[in-house]
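Note sheet for the following structure.
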Amino acid sequence: MTKYISHYSALKYWNIPLANQYYQDKIAKFGDSQFLVLNRTDRYSHQGRVPFVCTKTIPLGGVLQTNKTGIVSLPLVFLQLSQKMDILNTIILGNILCSHSNGPNSPIKTNQNELYDFVNSAKGFCGRRKSLRALQYIQNGACSIMEIFLAMLLKLPYSLGGIGLKGGHFNFEIILDRESSRAIKKNRLYVDYCFPKEKIAYEYLGECHETTIDQDSIRNMALRRIGYEVIPITKSQLYNEYRLKQFLDNAAVDHGKRIQFHNNENKYLEMQRKIRNLLPRKAINN
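The following block contains the structure:
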């Protein structure tokens, strides 16, 4: 019998730092118990474990053999887990799977193109249509959970709780001029979420901000020197309904955008409330 570690057990195996943070309760709950079999008769062979059966033809690259261990690939993990998720949770999952493991220069284990190619070829699989929709809003390169939520609020359309800004990038690399490089002792900076065309840089101020105020001030001055507007956002602004509204209203103005709901304001507010409710409730170091 061939079996493959799957679902949250596979997510644990792939060891993506942001996934370990955001899904820590699920990963702890299921441990190594979830696996996939390709034959219905194998379903009852493992007491105390959680088997899933797939009799459909899995697209190429969906299951792998690694060090003699059968494992579901990250694109298939994305499709598996999204089956029981709504659209917002699916977007969060995809952005987490495409995140850096340790800073903007570290590798990512999968990317948006790989997820799209796999899901698009998974004809007949449950959750495929929702996953394809979510992939419109999934990007490579996040380095923190909070960056993902910031990007969602700025990028998603009104119908999903965002303000519909286009052209943003996670951890965008900005090359500094000579004077700024001398001042900051670096020749480049990475911005949490950046709109390079508009030269607007959003920076999330995490729990450790008070210990880095001087460094942040020098960094922001270097960015302003080369024409970037630096807009900070704090944890309290993300979690508080009224502070978040003020932040997003100002962001729309900064981008020259008028927020026009066309009778969908209630939907916008409902989805935005859902995004806030999905923010981490436990301490996360970012």
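Following the numbering used here, the residues of the sequence shown are numbered contiguously, the last one being 609.
C-beta: ideal position from N, C-alpha, C; glycine also.
From the options, residue whose alpha carbon lies closest to that of residue i
i    : options                : result
H423 : Y525, N563, I339       : I339
L438 : G447, N425, T413       : T413
K558 : A575, R599, Q595, G579 : R599
L399 : H330, Y551, L476       : H330
N587 : G485, P374, A333       : G485
K352 : L359, L334, L341       : L334
T380 : Q406, V442, M408, Q357 : V442
H578 : L402, G487, K407, R456 : G487
Integer-rounded CB distance, given that residue j should sit under 8 Å from residue i
i    : j    : result
G529 : F493 : 15 Å between Cβ atoms; not a contact.
L561 : L602 : 6 Å
L397 : T433 : 4 Å
Rounded straight-line distance, which links the Cα of residue j to that of residue i
i    : j    : result
I431 : A506 : 31 Å
G450 : I415 : 15 Å
L473 : L592 : 16 Å
P480 : K489 : 10 Å
R548 : V376 : 58 Å
F584 : G491 : 22 Å
S444 : G385 : 11 Å
K580 : D537 : 33 Å
N425 : C466 : 7 Å
Q569 : E502 : 35 Å
T534 : S540 : Note on T534: pLDDT 48, under 50, position unreliable in the model; no value is reported.
G447 : Q388 : 24 Å
A344 : G354 : Note on residue identity: the sequence assigns Gln, not Ala, to residue 344. Looking at the two C-alpha atoms, the distance is approximately 14 Å.
E564 : R596 : 8 Å
Residues of its chain near residue i, where Cβ-Cβ distance is below 6 Å and the 5 sequence neighbours each way are ignored
i    : result
I554 : Y525
H532 : Confidence at H532 is low in this model, with a pLDDT of 45, below 50, so the placement of that residue should be treated as unreliable; the coordinate-derived value is given next. Excluding positions up to five away in sequence, the list is empty.
S429 : H423
C-beta contact flag for residue i and residue j at 8 Å
i    : j    : result
I328 : T392 : yes
Y336 : I419 : no
E470 : Y513 : no
L404 : L483 : no
Own chain partners of residue i with C-beta closer than 7 Å, once the 5 adjacent residues on each side are dropped
i    : result
T325 : L361, G393
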